[in-house]
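Report on one structure; see the data block that follows.
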Amino acid sequence: MYLLLSHLCHPFLLILLMIALVVGEMSLRRRFTRCRLLLLSSLLLVLGALSTPVAAFFAAGSLEWPFPSRDSGQSSAEAIIVLSAWVIPPDEVRTEPELDASTLYRCLKAVELYRTLGPRTIVLSGGRLPEGIDYSLADAMRRFMLTQQIPDSNLLVEDRSTTTYENAVETRSLLQERNIRKIVLVTDAMHLPRAMACFRAQGIEVVPAGCRYRSAGFQWVPLAFVPSSTSAVVVAEAAHEWIGLLWYWIRGRI
């Protein structure tokens with residue numbers, strides 16, 4: 003239900019549906035009134051505005067700005083938790099699943115923290131992959147971490163979760179078994195508000211460690227007001243996170 007709602011409520015889909023309805027209604031009536039043309043023009047204007055770097059900057063920033071890239075509390079954390087995103091399944095080119103961009107950035111951030119803060123447990127959280135792949139997202143992350151010279155003895159796999167909420171629930175059990183109370187949570191910066199809320203709801207002391215800050219490096223230049231597909235994707239991802247926060251709040255998960 004959540005995935006369906008998050009897709010249906012994306013601003014781009016809603017605006018496109020409204021445009022389609024207006025065009026369809028105008029075609030059926032064969033009447034192109036000023037009011038309908040104004041509505042259609044307004045919808046197209048909103049769609050274009052939401053696809054600009056300026057819109058992407060504010061959409062991403064609304065989620066990222068509360069969490070600076072560095073936090074002084076990270077050094078006292080007893081473990082590093084890395085949340086998975088997805089992997090690219092094997093195909094005619096890839097013989098093994100490859101980490102997608104988000105998961106790769108998260109793993110690299112965890113490696114950076116491990117080397118900066120000193121050796122400590124790294125929990126890799128992510129459940130099963132599509133049918134036909136006999137290991138989990140967490141296993142795929144583990145394979146990558148081993149290539150980065152992280153000792154296997156410091157890696158802990160949580161391979162049952164399939165959502166952010168389940169990441170927190172399943173990880174809590176592993177932490178309790180090892181008497182770990184304070185963690186550094188690694189995920190995309192835009193994902194931090196929902197992820198942090200889920201882990202705190204499980205009674206875990208959490209310090210954020212974001213990566214892939216989409217609002218960083220923004221410049222007020224003329225091109226910032228020109229629509230682009232890259233900016234549209236960022237706005238859509240931000241909308242997904244805000245919808246996710248609302249849905250988790252309604253369900254009592256945060």
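When we follow the working numbering, the leftmost residue of the sequence shown carries the number 3, and every step to the right adds one.
Note that beta-carbon positions come from the ideal geometry of N, C-alpha and C, so glycine has one too.
Legend entry - Proximity winner among T189, S77, D161, relative to Y116 (alpha-carbon distances): S77
Legend entry - Backbone CA spacing between V171 and G254 [nearest angstrom]: 13 Å
Inset, instruction - Quick one: grab the DSSP three-state call for S127. - result: strand
Inset, instruction - Measure the alpha-carbon distance for F60 versus C200 and round it to whole angstroms. - result: 24 Å
Legend entry - Minimum C-alpha distance to A240 - residue among C37, E66, L126: E66
Legend entry - beta-carbon L119 near the ligand COA non-hydrogen atom, thresh 7 Å: Within the structure as shown, the ligand COA is missing, as the structure has no ligands at all.
Inset, instruction - Let me know the secondary structure DSSP gives L52 once reduced to three states. - result: coil
Legend entry - First through last residue of the beta strand (DSSP E) which encompasses L187: 184-190
Inset, instruction - Measure the C-alpha to C-alpha separation of A142 and R122 and round it to an integer number of angstroms. - result: 20 Å
Inset, instruction - Determine whether the Cβ of N156 lies closer than 8 Å to any Cβ atom of chain D. - result: In the structure shown, chain D cannot be found, because there is only a single protein chain.
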